[in-house]
Structures are given as structure tokens and as C-alpha cells.
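J.: Read left to right, the sequence shown gives residues 3 to 242 (the numbering used here). My structure is below; once you've seen it, I'll send some questions.
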Amino acid sequence: MADAPDKLTFAAIGDLHVRDDRTSSYRELFAEVSGKARVLVLCGDLTDVGRPAEAEALAEDLRACAIPVIGVLGNHDYDSGQTEEVARILKNAGMRLLNGHAVEIEGVAFVGVKGFLGGFGPRMLASFGESCVKALVAESVNEAIRLENAMRSVRSGRAVVVLHYAPVPGTVEGEPLEIFPFLGCSRLAETIDRFKVSVVVHGHAHHGRYEGQTPGGAPVYNVALPIEKPGGRPYALLEA
Ligand SMILES: [Fe+2]
Ligand SMILES: [Fe+2]
């Protein structure tokens with residue numbers, strides 16, 4: 003895809019769930035993406051259960067990628083309790099991991115947090131009752147605050163927000179209604195809508211819908227690998 007004037011084309015994909023048994027390789031995909039976009043954005047669940055060996059397998063595949071790679075971790079990357087080691091391996095492979103901060107590439111600010119669950123709209127989980135429920139809500143609020151602080155550091159007029167969890171219910175539609183509260187949280191969208199954001203990308207909802215928007219009108223794309231995307235490839239090509 004040729005860039006429109008003054009626009010940056012980036013590829014986005016989430017939920018690679020790389021395993022260390024090498025049953026899947028993304029080398030060819032990363033090489034293909036390098037010819038079509040100027041940045042590759044990875045939206046979390048990069049590994050299947052957060053094992054360092056899985057991160058090493060992904061790091062090996064990322065050597066085939068000739069463009070800058072940025073992204074966030076997902077809940078699966080936390081599962082083995084070795085998140086720091088997973089992050090270290092991916093950073094050593096050249097990936098820029100966003101965890102409450104922003105990087106600017108060719109005039110576009112990429113701003114990332116993992117996000118968290120908590121539900122949507124008036125049905126969002128409230129900080130009430132047991133301390134464990136309050137802790138869960140506090141984590142959800144904290145991720146929104148970290149996104150806000152990262153957005154405040156942006157000087158570019160073009161910002162792409164990179165998440166793992168969904169900020170709106172529109173892009174999780176297709177998943178069972180019962181698990182909507184575990185797929186994302188509206189607090190992320192409330193934060194996004196306080197700023198000028200060109201595009202939001204997320205993953206996590208493997209059976210959701212590709213396209214949605216925040217209440218304030220920011221376009222939101224669920225780029226989880228299994229989601230069908232325009233162009234028929236596992237990744238989305240977007241502009242900012
Ligand atoms: Fe996933
Ligand atoms: Fe996930």
C-alpha cells in the first residue's frame with residue numbers, strides 16, 4: 003500500500019500466541035509486512051503462556067522484519083510470571099515495548115498500555131464491596147491513568163493508541179455476551195476521547211469484530227489474528 007501524502011502506513015496484528023514448539027512461524031508474514039508498511043504494531047498476547055522460550059521463538063522470527071516493531075504485552079504474556087524476562091528478550095530483538103509511554107516514528111506518536119478488563123458503559127464494574135473487587139477496579143483505573151499520562155507526553159498531532167484489551171464493546175461483538183466484561187473496559191475509551199487520537203488498535207477478543215469507534219468518534223480496530231480484515235491478510239494495514 004502506498005502512503006497517502008503525509009500519512010504513515012502501519013501494519014497491526016495481535017494475539018500471535020507464539021509457542022516454543024515451533025508449530026507456527028511468522029517469518030514470512032513479517033517479511034511480507036516489511037514491504038507493505040513502515041511500522042509493525044503488535045497488540046499483545048505475543049506469546050502463548052509468557053514463557054521466555056516462546057519469546058525467544060518470536061524474537062527469532064522478528065529478525066525477518068525490516069521495519070520498526072512496536073507493541074504492548076497481553077494477559078497471556080503475564081501467565082508464567084516471567085514478564086520481565088519476556089520483555090527483555092523482545093527488547094533485545096529490537097522491539098519497542100510500550101508500557102505507559104509513547105514513541106514517535108516518522109511524525110506519528112504510538113502510545114501504548116496493555117489495558118485491563120472491567121466491562122463497558124453503565125455496566126462497568128464499580129469499586130464496591132470486597133477488597134479483591136476494589137483491587138481489580140483499581141488496576142483498571144490505573145491502566146487508564148497510565149494511558150492518560152502517556153498521551154500527555156505526545157507532541158505530535160497524530161497519535162495511534164496501542165492496547166491489548168478493548169476500549170469499546172463494538173469490537174468485541176461476536177464474543178459471548180457473558181465474557182464482555184473480561185475483554186476490555188470503557189475507562190480506556192473515556193481517556194482516549196479526552197485527546198486527539200487518529201487510530202486505536204487492540205487485540206484480545208479473538209472472535210470480536212474488526213471495526214468500531216469510541217463514543218467520541220475515534221476509530222477502533224480489533225486486529226487479533228483470527229479476526230477477518232480487509233485485504234484478507236492476518237494483519238490490518240492502517241494509516242495515521
Ligand atoms: Fe489472545
Ligand atoms: Fe488476551
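Ideal Cβ placement from N, Cα and C applies to all residues, glycine included. The model shown is predicted, which means the values in this text are computed figures rather than measured ones.
State the Cα-Cα distance for the pair R148 and P169, rounded to the nearest angstrom.
T.: As a working note, residue 148 is residue 146 in the sequence shown. As a working note, residue 169 is residue 167 in the sequence shown. Those two C-alpha atoms are separated by around 14 Å.
J.: Around the C-beta of A130, are 16 or more other C-beta atoms found within 10 angstroms, so that it is buried, or is it exposed?
T.: As a working mapping, residue 130 is identified with position 128 in the sequence shown. It is Phe, not Ala, that sits at residue 130 in the sequence shown. That one is exposed.
J.: At a threshold of 7 Å, does N101 count as lining ligand 4 (C-beta to nearest heavy atom)?
T.: Looking at this structure, you won't find ligand 4 anywhere; what it does contain is ligand 1 and ligand 2.
J.: Pull up the CB-CB distance for V41 and I107, whole angstroms please, since I reckon it's below 8 Å.
T.: Locating residue 41 in the sequence shown gives position 39, where the first residue counts as 1. Locating residue 107 in the sequence shown gives position 105, where the first residue counts as 1. About 5 Å separates the two Cβ atoms, so the contact holds.
J.: So is T25 buried or exposed if we call it buried at 16+ other beta carbons inside 10 Å?
T.: Along the sequence shown, read from residue 1 onward, the residue named residue 25 stands at position 23. Label assigned to T25: exposed.
J.: Beta carbon of A226: closer than 7 Å to some heavy atom of ligand 1?
T.: Residue mapping note: residue 226 aligns to position 224 of the sequence shown, counting from 1. True, at least one ligand heavy atom lies under 7 Å from that Cβ.
J.: Beta carbon of G210: closer than 7 Å to some heavy atom of ligand 2?
T.: Taking the sequence shown and counting its residues from 1, one reaches residue 210 at position 208. No, the Cβ of G210 stays beyond 7 Å of every heavy atom of ligand 2.
J.: Going by the C-beta, is H206 closer than 7 Å to any heavy atom of ligand 2?
T.: The count along the sequence shown starts at 1 and reaches residue 206 at position 204. Correct: H206 has its Cβ closer than 7 Å to ligand 2.
J.: Measure the C-alpha to C-alpha separation of V113 and G46 and round it to an integer number of angstroms.
T.: Numbered from 1 along the sequence shown, position 111 holds the residue referred to as residue 113. Numbered from 1 along the sequence shown, position 44 holds the residue referred to as residue 46. Their Cα atoms are separated by approximately 14 Å.
J.: Just the residues with CB closer than 5 Å to a heavy atom of ligand 1, in chain order, which are they?
T.: D17, D47
J.: Tell whether a beta-carbon distance below 8 Å holds between G16 and H206.
T.: On the sequence shown, position 14 is the one that residue 16 refers to. On the sequence shown, position 204 is the one that residue 206 refers to. Result yes, Cβ atoms of G16 and H206 sit closer than 8 Å.
J.: Do E277 and D50 have their C-beta atoms within less than 8 Å of each other?
T.: Residue 277 cannot be examined here, being either before or after the span of the chain that is shown, 3 to 242.
J.: So does the region 183-195 actually touch the region 146-166, counting three or more Cβ pairs closer than 8 Å?
T.: yes
J.: Between which residues of its own chain and S158 is the CB-CB distance below 7 Å, once the five residues before and five after are set aside?
T.: In the sequence shown, the residue the question calls residue 158 occupies position 156. The residues are E106, G109, V110, A111.
J.: Three-state secondary structure (DSSP) at E230?
T.: Within the sequence shown, numbered from 1, the residue matching residue 230 stands at position 228. Reduced to three states, the DSSP call for E230 is coil.
J.: Beta-carbon separation of L119 and S142 under 8 Å?
T.: Stepping through the sequence shown from its first residue, residue 119 is reached at position 117. Stepping through the sequence shown from its first residue, residue 142 is reached at position 140. Yes, Cβ-Cβ distance for L119 and S142 is below 8 Å.
J.: Restricting to Cα atoms, I'd like to know which of I91, H78, L185, L99 is closest to L127.
T.: Sequence index remark: in the sequence shown, residue 127 carries index 125 (1-based). The residue with the shortest Cα to Cα distance from L127 is L185.
J.: Is DSSP giving T11 helix, strand or coil here?
T.: In the sequence shown, counting from the first residue as 1, residue 11 sits at position 9. It is a strand residue.
J.: From the DSSP output, in three-state form, read off A242 for me.
T.: Translated into the one-based positions of the sequence shown, residue 242 becomes position 240. If DSSP states are grouped into helix, strand and coil, A242 belongs with coil.
J.: Spell out the partners DSSP gives P221 in its beta bridges.
T.: By 1-based counting over the sequence shown, the position of residue 221 is 219. For P221, which the question treats as bridged, DSSP gives the partners Q215.
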